[in-house]
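**Student:**
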Amino acid sequence: MLTALADAPRHGYAIIQEVLAISGGRTKLLTGTLYTALDRLLQQGLIRIDHEEVVDGRLRRSFTLTEQGRSVLGEETERLRAGVAEADRRLALGRLQLHGGTA
1 MLTALADAPR
11 HGYAIIQEVL
21 AISGGRTKLL
31 TGTLYTALDR
41 LLQQGLIRID
51 HEEVVDGRLR
61 RSFTLTEQGR
71 SVLGEETERL
81 RAGVAEADRR
91 LALGRLQLHG
101 GTA
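Each residue of the sequence shown is one higher than the last, beginning at 1 in UniProt numbering.
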């Protein structure tokens, strides 16, 4: 969800759609799950309400990352990058072992 808010503020339905797009259709957020997570991220100070508007008689809130949220997302990105590098390294070693030490 933090990634979905990294480039622009978004309201709930737009976050659901962005997460679906980012994950290549693998992650489908349910509305209840979304708003529970948004409440938690608000409490943690990782996101904030960017603006509110009334659409079709209902309040629509748009959310954006805070500086702390950007920092946490950056740290998580680095952690994932390190994990990918380690997986690549181990896969390469496994290929070498399968081929008797020759590439």
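Just so you know, even glycine gets a beta-carbon here, dropped at the ideal spot from N, CA and C.
The model shown is predicted, which means the values in this text are computed figures rather than measured ones.
Less than 9 Å between the C-beta atoms of Arg-70 and Gly-12, yes or no?
**Tutor:** Contact: no.
**Student:** Are Thr-66 and Arg-48 touching if we call contact CB-CB under 9 Å?
**Tutor:** For Thr-66 and Arg-48, yes; Cβs fall inside 9 Å.
**Student:** So, does the region 30-38 touch the region 8-22, judging by three or more C-beta pairs under 8 Å?
**Tutor:** Result yes; three or more Cβ-Cβ pairs closer than 8 Å.
**Student:** To the nearest angstrom, report how far apart Leu-5 and Glu-76 are at their CA atoms.
**Tutor:** For Leu-5 and Glu-76, the distance between alpha carbons rounds to 15 Å.
**Student:** Use the C-beta contact count for Glu-78: other C-beta atoms within 10 angstroms, 16 or more gives buried, fewer gives exposed.
**Tutor:** Glu-78 is exposed by the Cβ-count criterion.
**Student:** Put Ser-62 into one of helix, strand or coil per three-state DSSP.
**Tutor:** The answer is strand: DSSP assigns Ser-62 an E or B state.
**Student:** How close, in whole Å, do the beta carbons of Thr-27 and Leu-20 come, if the pair is a contact with beta carbons under 8 Å?
**Tutor:** Confirmed, Cβ separation roughly 7 Å.
**Student:** Contact defined as beta carbons within less than 8 Å: I believe Leu-2 pairs with Leu-46. What is the distance between those atoms, to the nearest angstrom?
**Tutor:** Contact flag correct, Cβ pair sits at about 7 Å.
**Student:** Could you give the distance in angstroms between the alpha-carbon of Ser-23 and the alpha-carbon of Leu-42?
**Tutor:** So the two alpha carbons sit approximately 23 Å from each other.
**Student:** Just the C-alpha distance for Gly-57 and Thr-64, rounded to the nearest angstrom, thanks.
**Tutor:** Rounded to the nearest angstrom, the two C-alpha atoms are 23 Å apart.
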